[in-house]
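Encoded as structure tokens, the structure appears first; notes follow it.
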Amino acid sequence: MASNSDSIYNVMFYIAHHPAEIAFTQPEYTNVVRMGIPDSVKVANPEIYFPDNKLLVNRFQDDFVAKNGNLLDFFFDYTEKKVPNYHEVWVSSAHLPAKKMYFLELSFE
Numbered sequence: 001m002a003s004n005s006d007s008i009y010n011v012m013f014y015i016a017h018h019p020a021e022i023a024f025t026q027p028e029y030t031n032v033v034r035m036g037i038p039d040s041v042k043v044a045n046p047e048i049y050f051p052d053n054k055l056l057v058n059r060f061q062d063d064f065v066a067k068n069g070n071l072l073d074f075f076f077d078y079t080e081k082k083v084p085n086y087h088e089v090w091v092s093s094a095h096l097p098a099k100k101m102y103f104l105e106l107s108f109e
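The structure is reproduced here in structure tokens:
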């Protein structure tokens, strides 16, 4: 599954360590965080994980969520939820060439 790739993990790691470079947006859902990442950030296989003008949606595997809880909690803090009691995390990604950015959305269920 594409959402469990090193590419997505590396983008999330980059965001966590460079949040000032990221455009966080406030979605209408309380359990979601949306981000715009400059497409100048190096991403492995962007054509697979950030398709041009197409949304790719996948659920992180349970072992990915368990292994990367601290990183996921960083993103959870951007939601309106207070207690990180999620069991599933869905990731949506795309490349928006006209805006020169990668789109990344995490939904905590």
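In the UniProt record's numbering, the protein residues as written are 1 to 109.
Glycine included, each C-beta is placed from N, C-alpha and C at the ideal position.
Close-in-space but distant-in-sequence residues of the same chain around residue i (CB under 8 Å, 5 per side omitted)
i, result
"phenylalanine 13", "Leu71"
"isoleucine 22", "Ile15, Met35, Gly36, Ile37"
"threonine 25", "Arg34, Met35, Gly36"
Whole-Å CB distance - residue i paired with residue j, under 8 Å assumed
i, j, result
"valine 57", "phenylalanine 50", "About 12 Å; that fails the 8 Å criterion."
"valine 33", "leucine 106", "5 Å"
"valine 91", "phenylalanine 60", "6 Å"
Cβ-Cβ distance between residue i and residue j below 8 Å
i, j, result
"proline 46", "methionine 101", "no"
"glutamate 109", "glutamate 88", "yes"
Range covered by the alpha helix (DSSP H) that runs through residue i
i, result
"histidine 17", "6-17"
"phenylalanine 70", "Just to set this straight, residue 70 is asparagine in the shown sequence, not phenylalanine. Unbroken alpha helix (DSSP H) run through asparagine 70: 69-76."
"tyrosine 29", "Neither: tyrosine 29 is in no alpha helix (DSSP H) and is coded neither H nor E."
For residue i, the first and last residue of its enclosing beta strand (DSSP E)
i, result
"proline 38", "32-38"
"tyrosine 86", "Run containing tyrosine 86: none; DSSP gives neither H nor E here."
"glutamate 105", "101-108"
Proximal residues to residue i (C-beta, below 6 Å), its chain only, five neighbours per side dropped
i, result
"proline 27", "Arg34"
"aspartate 73", "Pro84"
"valine 65", "Val89"
7 Å CB neighbourhood of residue i in its chain, flanking five on each side removed
i, result
"serine 7", "Val43, Ala44, Asn45, Tyr49"
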